[in-house]
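Below is one structure, written out as structure tokens; the observations come after it.
Residue numbers (full-length UniProt numbering): 1 to 556.
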């Protein structure tokens, strides 16, 4: 038993031997989709991955890498590197996103954390600004979370609060914005009765103001910036209910596309521009439509639009919206605390581990959002620095071959039982939207896989090849029937985001027991099932509370 009362000893697997070198390869942004010219994995020369897919069908399968399979609230939520590697390493599904926020608000921990204490410094002299989607849709935000945040902030010293609302009409019925604004106005009037200067300061429709994503249209963010920060908008009103009702009627627009407005006082002065010394919180929990405003609020070096005035503020997100960019650097709710990861179990059972990455995927996220080694005598982590100062499509091969060389050398050295790598090409280059470069990226990743598998062949080892989420397999936006969407000029609309596609898991190698095959009885297999699978391939049984293994051993 360890000091925490956990029994770290894993039982031996009844049929699978110990002592085989296992290579775990995670292809970043490598999903499975229909073959067409926008599927860069299909277009690219990928003979190694093709051979795994076409080899033994009982050694290749697809698993879920998005939505509930990785702890996100709904299956409309695309996976990402953080939650994907969390699931791969932890072997269990941990709440991410909205569920985390609910727990932090219910326990009150949100008001004790580092993020809240950071913004609280401004409460004495400055204003607390809350920016986000006003809705109970539960996809990006929830009204009840905003209400709890308002009450908690006021109890904890906020004396002046301004809310910058974004109307929904997309995740909820069009027209419901009026009711949400009335509810919020009622809450704010109750705060005013307690002596807190609280009101709505600005607003606009989510698709026209602030909530753009994947850098499609920075003008959307600029319209929000002008209203929220500069206090400038084409429409001025004395109160927000009047604003929403009037704009809906006069502009004949729905809630999603309401133009930006600011609330002004009797002298026509904006009641709540963001100024030096203020605190700002973006209260959406879903990341994709908050990343751009987070960059505008946080980055000193910013060239996407003229911000005119950049106030010195303390800014925090409800969550960290991008783990790779560490954006924002302050947030109210931390990622899940994940203990007893597969990496820790294996190291404590003598498995010597080598991990190589360009980013913290197969170390930090894999090990449950934890930095550093569990046991430096048994682990070696190597980081290959990325090309700096260029976008990834300029050098789409990135450092895939260097990562593969390090993995190959580690395998051939005989010093390690597990060699774990992440090959970032498909995702990082896919995000640039450059289809030709992404094809080159996929070919480079495939060549890297071959180098690692050749080394496994030499040492009589086992390989597990998988991915963390989709991206490079579909580079175009599509309509409901799956046809590519065109823009106003008749050109295809490039998709730079992750996808909802499943990802492959392939197993093999000369060290794989001849009776091993994928099971067909795992209900909705996902990334979290991979951990128990890898533990089995090392000759151990997985902990009882892990998601079930994907493999079985049949007697030939």
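Think of the CB as a built atom: it goes at the ideal place given N, C-alpha and C, for glycine as much as any other residue.
Only a predicted model underlies this, so the values are computations on that prediction, with no experimental measurement involved.
Using only CA atoms, which one of 96, 488, 529, 450 lies nearest to residue 27?
450
What does a CB cutoff of less than 6 Å around residue 9 pick up in its chain, not counting 5 residues either side in sequence?
none
Among 414, 404, 413, which has the Cα closest to the Cα of residue 420?
404
Does residue 414 come within less than 8 Å of chain C when only Cβ atoms are used?
Absent here is chain C; the protein component of the structure consists of one chain.
Since I believe residue 224 is in contact with residue 293 (beta carbons under 8 Å), could you give me their beta-carbon distance rounded to a whole number of angstroms?
6 Å
Would you report the Cα separation of residue 192 and residue 318, rounded to the nearest angstrom?
24 Å
Per DSSP, cross-strand counterpart(s) of residue 496:
Beta-bridge pairing links residue 496 to no other residue.
Restricting to Cα atoms, I'd like to know which of 475, 368, 400, 221 is closest to residue 452.
400
Beta-carbon proximity list for residue 144, same chain, < 8 Å, skipping 5 on both sides:
136
For residue 260 and residue 202, which I take to be in contact (beta-carbon distance under 8 Å), what is that distance rounded to the nearest angstrom?
7 Å
Residue 97 and residue 62 - do their beta-carbons sit closer together than 8 Å?
no
What span of residues does the alpha helix (DSSP H) with residue 235 cover, start to end?
Where residue 235 is concerned, there is no enclosing alpha helix (DSSP H), although the beta strand (DSSP E) it sits in stretches over 235-237.
Would you say residue 274 and residue 280 are within 8 Å of each other, going by their C-beta atoms?
yes
From residue 522 to residue 548, what does the alpha carbon distance come to, in whole angstroms?
7 Å
Rounded separation between residue 240 and residue 500 - CA only
37 Å
Burial state of residue 536 (16 or more Cβ within 10 Å)
buried
Three or more C-beta pairs under 8 Å: does that hold for the region 434-441 against the region 375-383?
no
Would the beta-carbon of residue 81 fall within 8 Å of that of residue 361?
yes
The alpha helix (DSSP H) with residue 418 in it runs from where to where?
Segment 418-423 is the beta strand (DSSP E) holding residue 418; no alpha helix (DSSP H) there.
Residue from 477, 498, 277, 208 with nearest C-alpha to residue 430:
498
What three-state label does DSSP hand residue 129 in the structure shown?
strand
Which residues does DSSP pair with residue 261 in a beta bridge?
203, 235
Using 8 Å as the threshold, is the C-beta distance between residue 461 and residue 22 below it?
yes
Entirely within the region 491-548 and at least 4 residues each: give me those alpha helix (DSSP H) ranges in chain order.
529-537
Are residue 29 and residue 471 close, meaning C-beta to C-beta below 8 Å?
yes
Excluding the 5 residues flanking residue 554 on each side, which residues of the same chain have their C-beta closer than 6 Å to its C-beta?
515
Residue 404 CB to nearest heavy atom of the ligand ATP below 7 Å:
This structure does not include the ligand ATP; it has no bound ligands of any sort.
Out of 341, 534, 265, 245, which has the shortest C-alpha to C-alpha gap to residue 16?
534
State the Cα-Cα distance for the pair residue 301 and residue 205, rounded to the nearest angstrom.
28 Å
Ranges of the alpha helix (DSSP H) found wholly within the region 337-371, counting only runs of at least 4:
342-348
Is the distance from the Cβ of residue 59 to the Cβ of residue 507 below 8 Å?
yes
Would you please state the rounded distance, in angstroms, between the beta carbons of residue 102 and residue 139? I believe it to be under 8 Å.
In fact, because the Cβ distance is near 14 Å, the residues do not count as touching under 8 Å.
Which word fits residue 47, buried or exposed, when buried means at least 16 other C-beta atoms lie within 10 angstroms of its C-beta?
exposed
For residue 357 and residue 212, what's the separation of their Cα atoms in angstroms?
31 Å
Determine whether the beta carbon atoms of residue 156 and residue 111 lie at a separation below 8 Å.
yes
Just list the beta strand (DSSP E) runs in the region 152-238, keeping only unbroken ones of 3 residues or longer that don't cross its boundaries, in chain order.
160-167, 197-205, 235-237
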